[in-house]
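Presented below is the structure to which this report refers.
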Amino acid sequence: MMKVIVVGPKGKMGRLITQAAASRDDMQLIAGIAPAGRDYIGSDLGTAAMLGREIGVPVVDNLEDVIDSCDVIIDFSTKEMAMTVLDLAIAHKKALVCGTTGFTPEEMQRFMDAAAHIPMLYAANTSKLVNIMNKLLELVVSTAGNELDIEILEMHDQWKKDAPSGTSKEMGEIMAHALGKELPDVAVYGREGAAPRIKGSIGYHSLRAGNIPSSHTVFFGGMGERLEITHHSYNWECFARGACDCAAYLEGKAPGFYTIKDVLNFS
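Just remember that this note's numbering sits 36 ahead of the position in the sequence shown, which is counted from 1.
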């Protein structure tokens, strides 16, 4: 049975990941890691994550105190906390699933470099259907991308800190690569004033409102027709289940950089 530590078990994703892991027969929760100063440090993880029962597992604020008892760490916290978690995972040779977004290219390189030491799985979005959507986007662009104008509209709750979303960036990267380009060279973020469309660009538009969980639409504009591919999440449970699937996938894996494509067995 895989032994799991969840970082940020009272956050919107950490809580759901804890609930998903607790419901699985192949996982055993070892600890929850809270940011320093939180009032739920020292409480039972089941209480902190609102499982409706105590499970005899502590919430602590020092990952190093419990890390040697786990097989894998699941971290969907903040980019600042994620870098500390990454360093400790490397030092203690523990598998890591990270779904936090908003990293700089230099920070992302640290995750790539970690793959030389640990099984490292980074996934901006752990939804199965989002990743099927990515396959569809690749198909459209590789088939007719040079004939189409591409625009991405992504919507999230008012608390999301980064824009565009990590998921929409990944979508843009997939489509840019299908065009033989790099996303930074073709991305256009919003428009104002005189802003004619640049041929071959990928436009981004970010909405932040209320408690919208996650919504991504890619528009492919042709002459006289338009194709839209959309994914809506009704809540965050699909991402939590996917995060646990990612953790389970890492069991017994050698050090390396893994993605959700590996978990879903996408070529």
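For every residue, glycine included, the Cβ atom is placed at its ideal position computed from N, Cα and C.
- In terms of Cα proximity to residue 163, the closest of 268, 290, 292 is 268.
- Residue 118 sits in a helix when the DSSP states are folded into three classes.
- Inter-residue distance for residue 94 and residue 148 is about 31 Å (C-alpha atoms, whole angstroms).
- Short of 7 Å from the beta carbon of residue 72, and not among the five residues preceding or following it, lie these beta carbons of its own chain, in chain order: 97.
- In this structure, residue 206 sits away from residue 151, with a CB-CB distance that is not shorter than 8 Å.
- Apart from sequence neighbours up to five positions away, the residues of its chain that approach residue 137 with a beta-carbon distance below 6 Å are 160, 198, 202, ordered along the chain.
- An exposed status is given to residue 180, since fewer than 16 other beta-carbon atoms sit within 10 Å of its beta-carbon.
- Taking a 10 Å sphere around the C-beta of residue 165, we find fewer than 16 other C-beta atoms and assign the residue as exposed.
- Secondary structure note for residue 134: its beta strand (DSSP E) is the uninterrupted segment 131-134.
- Taking residue 225 as reference, the option from 213, 243, 81 with the minimal CA-CA separation is 243.
- The Cβ atoms of residue 265 and residue 172 sit closer than 8 Å to each other.
- Collapsing the DSSP output to three states places residue 236 in coil.
- Sequence-distant partners of residue 129 (beyond 5 residues in either direction) whose C-beta falls short of 8 Å from its own C-beta, in its chain, are 153, 154.
- With a cutoff of 8 Å on beta-carbon distance, residue 211 and residue 238 are scored as near each other.
- Under DSSP, residue 88 shares a beta bridge with no residue.
- When beta bridges are read from the DSSP output, residue 209 appears opposite no residue.
- Under the three-state reduction of DSSP output, residue 215 falls in the coil class, being neither helix nor strand.
- With a cutoff of 8 Å on beta-carbon distance, residue 143 and residue 115 are scored as near each other.
- Counting only the Cα atoms, residue 188 lies some 14 Å from residue 233.
- The Cβ neighbour count for residue 301, taken over all protein chains shown within 10 Å, is under 16; the residue is labelled exposed.
- With respect to the 8 Å criterion, residue 52 and residue 272 are classified as neighbours on the basis of their beta carbons.
- Excluding the 5 residues flanking it on each side, residue 251 has same chain C-beta neighbours closer than 6 Å at 191, 268, in chain order.
- Residues of the same chain with a CB within less than 8 Å of the CB of residue 47, apart from the 5 flanking positions on each side, are 112, 113 in chain order.
- Taking the C-beta atoms as reference points, residue 208 is found no nearer than 8 Å to residue 215.
- Residue range 63-69 is occupied by the beta strand (DSSP E) that includes residue 64, with no alpha helix (DSSP H) assigned at that position.
- Taken atom to atom, the span from the alpha-carbon of residue 283 to that of residue 204 is near 23 Å.
- Boundaries of the beta strand (DSSP E) around residue 269: 262-269.
- The secondary-structure analysis by DSSP pairs residue 249 with nothing; it has no beta-bridge partner.
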